[in-house]
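Residue 173 in UniProt numbering is what sits at position 173 of the sequence shown, and the numbering runs on without skipping anything. First comes the structure, then the notes that go with it.
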Amino acid sequence: MKDYLCEKCAKRFGNKHSLLLHIKTVHKGCKDLKCDKCEEKFGNKSHLLFHLKTVHEGCKDLAFKVFKNYLCDNCEKELRNKRNFLYHITAVHEGRKDYACNKCEKKFGKKQHLLDHQKSVHEGNKDYSCDKCEKKFWNRNYFYKHQKIVHESCKDFACDKCGKKFGYKSHLLVHQKTVHEGYACDKCEKKFGKKSSLNIHKKTVHEN
1 MKDYLCEKCA KRFGNKHSLL LHIKTVHKGC KDLKCDKCEE KFGNKSHLLF HLKTVHEGCK
61 DLAFKVFKNY LCDNCEKELR NKRNFLYHIT AVHEGRKDYA CNKCEKKFGK KQHLLDHQKS
121 VHEGNKDYSC DKCEKKFWNR NYFYKHQKIV HESCKDFACD KCGKKFGYKS HLLVHQKTVH
181 EGYACDKCEK KFGKKSSLNI HKKTVHEN
């Protein structure tokens, strides 16, 4: 059971140590461990070891033995195979984006994400059409998610403070920021996720 919740991104962890490590490396960007063979820095010892094995020793098979079951000890995400695990470490935790779109400035950590971007944004292809509404999608996963959330009313993301459920994680995060955290107006107690939104509210509603 994962009882430790990150208040910044709603990700849950099985123990306090994993939560604190996640906050330190992901949200604070701390990278205290430096590779003695190059200038790369890491926030997690296992990621440093992975880097040493794969980059400087060229021993990918041995490196993967350190990560049994492909479980990232930085965020506890489980990956299905070696390739996805390697992508997850480099793109998510090291922030590497090696695939650049030749039509715009956008970069991606995975080649497939670049191809999806080019197909949907620059070519305008949307191959997946919902038979329940007029909406079309370029990505099969987004298409399935749309059907599940919009037409089947599935809401898998629950707020741990009030129990309200959401279909999208992003909607949960907005709810938590605006309702339970956020910036409150001192004249009507309405809350906003961004300070700029609060200032606009004050000027338009409370100032003549």
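All residues carry an ideal CB built from backbone N, CA and C; glycine is no exception.
Check	Outcome
What first and last residue would you give for the alpha helix (DSSP H) that runs through N84?	K82 to Y87
Which complete alpha helix (DSSP H) runs does the UniProt domain "C2H2-type" (99-127) hold, if anything under 4 residues is left out?	111-117
What first and last residue would you give for the alpha helix (DSSP H) that runs through V174?	K169 to H175
In the DSSP assignment, what are the bridge partners of L33?	F42
May I have the straight-line CA-CA distance separating residue 210 from H17, to the nearest angstrom?	As shown, the chain starts at 1 and ends at 208. That puts residue 210 outside it, with no answer to give.
Where C6 and Q176 are concerned, what is the direct C-alpha to C-alpha distance, given to the nearest angstrom?	12 Å
If you draw a straight line from the alpha carbon of C191 to that of G163, how long is it in whole angstroms?	Reading off the sequence, residue 191 comes out as Lys, not Cys. For K191 and G163, the distance between alpha carbons rounds to 19 Å.
According to DSSP, which residues form a beta bridge with Y4?	F13
Does the distance from the C-beta atom of H113 to that of K132 stay below 8 Å?	no
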